[in-house]
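Counting from 1 along the sequence shown, just add 176 to a position and that's the residue number in the numbering used here.
For every residue, glycine included, the Cβ atom is placed at its ideal position computed from N, Cα and C.
Remember, predicted model here, so these are calculated numbers, not experimental data.
A quick write-up on the structure given underneath.
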Amino acid sequence: MLINKIVKLKISGRIWITTIIIIILNAIIRSDGLKILHYSIPRMVDLNNVTSITLDCSYSYDPGDVKLVIRWFHNKSPEPIYQWIPEPDIRYVSEMIRPYFDMEFQINQDRYGRYRALRLDLQRSRSIFGPPISLSGNYSCVISSISNQETRESQMILYVPPKIFEFNFIHYDSERIALECLVDGVYPKPILSFQEQYSQRADFSSVSLSSPSSPSSSQFDFFQHLHRNPSAVQQQSSVNVNITESDIEPFLYSASFLHPIKSILTAGTIYECKLQLPGTIYLRKKRIKIIFPTSKREYSL
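Spelled out as structure tokens, the structure:
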């Protein structure tokens, strides 16, 4: 009897060990199944210098991942902008990206991966539709099978640096001069800032302005903020700002402002116009420095 119990315990122990091994192997097999390994979505795209972009989502899979489907989504739309089913090799391309989509592009020769990526030609239809600014937004790649689904998401911003960026003195009227900052042919709506710095004094003034919600001419009032010198008097300044659609190309913007100059141009004064494009790291500055003191009457353009 004792021998039979020992034999049964040994057999029972082997069964438990075998069961544990099977569970571990199944877990390993599942972990090696469908999985997104890497995704590549450009963060910022300069439409004046980049001709095409590739959005890619690489993944691993095994024979158990049947009914594999690759889908790309834009923003919160429930409908995919692109879908590929490797079996039976069917692709769908939405109207949004169709003018730019490269149907011949293959990321590799793998039967289950070659059409997973999007290659978009940004210049193909620009002469007809203008710059493809509608492609900006959040992109999601969704890889799914019967056994699993994985998703990755990232934002892409397309921008157009200005064709024109000028900062000069102009005659404001017969008696006054002003500084004019002008940008044209730019996207998205630019943020302009004006700064006036006195090298021989501690105060520093700035006026910041940005585009309105619609591309129409508007006038805004902004305030001069004096920093570094708490005792400096703050003065309100009214600046005429024009925000319009650019004549250079559809969907682009033009922005400008005037800043009247005081009666005396103080030596060492630095005037600066700074341009920024929201959502990007794009930043440009133009500066004018007064070398010799002069009055407006003595100043000639």
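Chain-order list of residues whose beta-carbon lies under 6 angstroms from that of S270 (same chain, five-residue window excluded) = For the purposes of this step, residue 270 is identified with residue 94 of the sequence shown, where counting begins at 1. These residues qualify, in order along the chain: I257.
Cβ-Cβ separation, L434 to A354 (assumed contact under 8 angstroms), whole Å = Numbered from its first residue, the sequence shown carries residue 354 at position 178. Numbered from its first residue, the sequence shown carries residue 434 at position 258. That belief holds up - the Cβ atoms of A354 and L434 are roughly 5 angstroms apart, short of 8 angstroms.
Where the alpha helix (DSSP H) through R352 begins and ends = The count along the sequence shown starts at 1 and reaches residue 352 at position 176. In the DSSP annotation of this structure, R352 is not part of any alpha helix (DSSP H), being labelled neither H nor E.
Quick one: Cα of W248 to Cα of S320, how far?
-> Numbered from 1 along the sequence shown, position 72 holds the residue referred to as residue 248. Numbered from 1 along the sequence shown, position 144 holds the residue referred to as residue 320. If I take the Cα positions, the gap works out to 11 angstroms.
Please classify P364: is it buried, with 16 or more other beta-carbons within 10 angstroms of its beta-carbon, or exposed?
-> Taking the sequence shown and counting its residues from 1, one reaches residue 364 at position 188. That one is buried.
In three-state terms, what does DSSP make of S310?
-> Mapped onto the sequence shown, residue 310 falls at position 134. Helix at S310.
Pull up the distance between the alpha-carbon of P254 and that of E356, whole angstroms please.
-> Within the sequence shown, the letter at position 78 stands for residue 254. Within the sequence shown, the letter at position 180 stands for residue 356. Answer to the nearest angstrom: the Cα atoms are 46 angstroms apart.
Member of W260, G361, C449 and R267 whose CA lies at the smallest distance from the CA of L368 = Mapped onto the sequence shown, residue 368 falls at position 192. It is C449.
For E329, which beta-bridge partners are listed by DSSP?
-> Here residue 329 refers to the residue found at position 153 of the sequence shown. Answer is S316, bridged to E329.
Using the beta-carbon count (16 or more within 10 Å), is T227 buried or exposed?
-> Along the sequence shown, read from residue 1 onward, the residue named residue 227 stands at position 51. Counting Cβ neighbours within 10 Å, T227 comes out exposed, since fewer than 16 surround it.
Please name the residue, chosen from H347, G209, I266 and L298, that lies closest to E326 on a Cα-to-Cα basis.
-> As a working note, residue 326 is residue 150 in the sequence shown. Among H347, G209, I266 and L298, the Cα nearest to that of E326 belongs to G209.
Counting only the same chain and skipping the five closest in sequence on each side, list residues whose C-beta sits under 7 angstroms from that of D222.
-> By 1-based counting over the sequence shown, the position of residue 222 is 46. Only Y335 and P337 meet the Cβ criterion.
Please work out which residues of its chain come closer than 7 angstroms, Cβ to Cβ, to I340, disregarding the five sequence neighbours upstream and downstream, and give them in chain order.
-> Stepping through the sequence shown from its first residue, residue 340 is reached at position 164. Excluding residues within five positions, the ones whose Cβ falls inside 7 angstroms are L358, V359, D360 and G361.
So, P478 versus Y288, is the Cβ gap smaller than 7 angstroms?
-> Shown here, the chain extends from 177 to 477; a query on residue 478 therefore has no answer.
Bounding residues of the beta strand (DSSP E) (the contiguous stretch that carries I304) | As a working note, residue 304 is residue 128 in the sequence shown. First-last for I304: R302 to F305, but that is the alpha helix (DSSP H), not the beta strand (DSSP E).
Can you tell which of E425, N225, K252 and N224 has the C-alpha that lies nearest to the C-alpha of G306?
-> By 1-based counting over the sequence shown, the position of residue 306 is 130. When only C-alpha atoms are compared, the closest one is E425.
Under the three-state reduction of DSSP, which class applies to S236: helix, strand or coil?
-> Within the sequence shown, residue 236 is the residue found at index 60, counting from 1. In this structure, S236 counts as strand in the three-state DSSP scheme.
Quick one: grab the DSSP three-state call for K438.
-> Within the sequence shown, the letter at position 262 stands for residue 438. Correct three-state label for K438: coil.
Work out the CA separation of P436 and R141 for me, nearest whole Å.
-> Beyond the ends of the chain as shown, which are 177 and 477, falls residue 141; an answer cannot be given.
Relative to the alpha-carbon of I467, which residue among T442, Y458, L459 and P454 has its alpha-carbon at the smallest distance?
-> Stepping through the sequence shown from its first residue, residue 467 is reached at position 291. The residue with the shortest Cα to Cα distance from I467 is T442.
Just list the beta strand (DSSP E) runs in the stretch 207 to 293, keeping only unbroken ones of 3 residues or longer that don't cross its boundaries, in chain order.
-> 211 to 216, 220 to 222, 228 to 236, 245 to 250, 258 to 261 and 266 to 269
Report yes if the CB atom of M332 is closer than 7 angstroms to the CB atom of I212, and no otherwise.
-> Taking the sequence shown and counting its residues from 1, one reaches residue 332 at position 156. Taking the sequence shown and counting its residues from 1, one reaches residue 212 at position 36. Annotated as distal: M332 and I212, with beta-carbon spacing of 7 angstroms or more.
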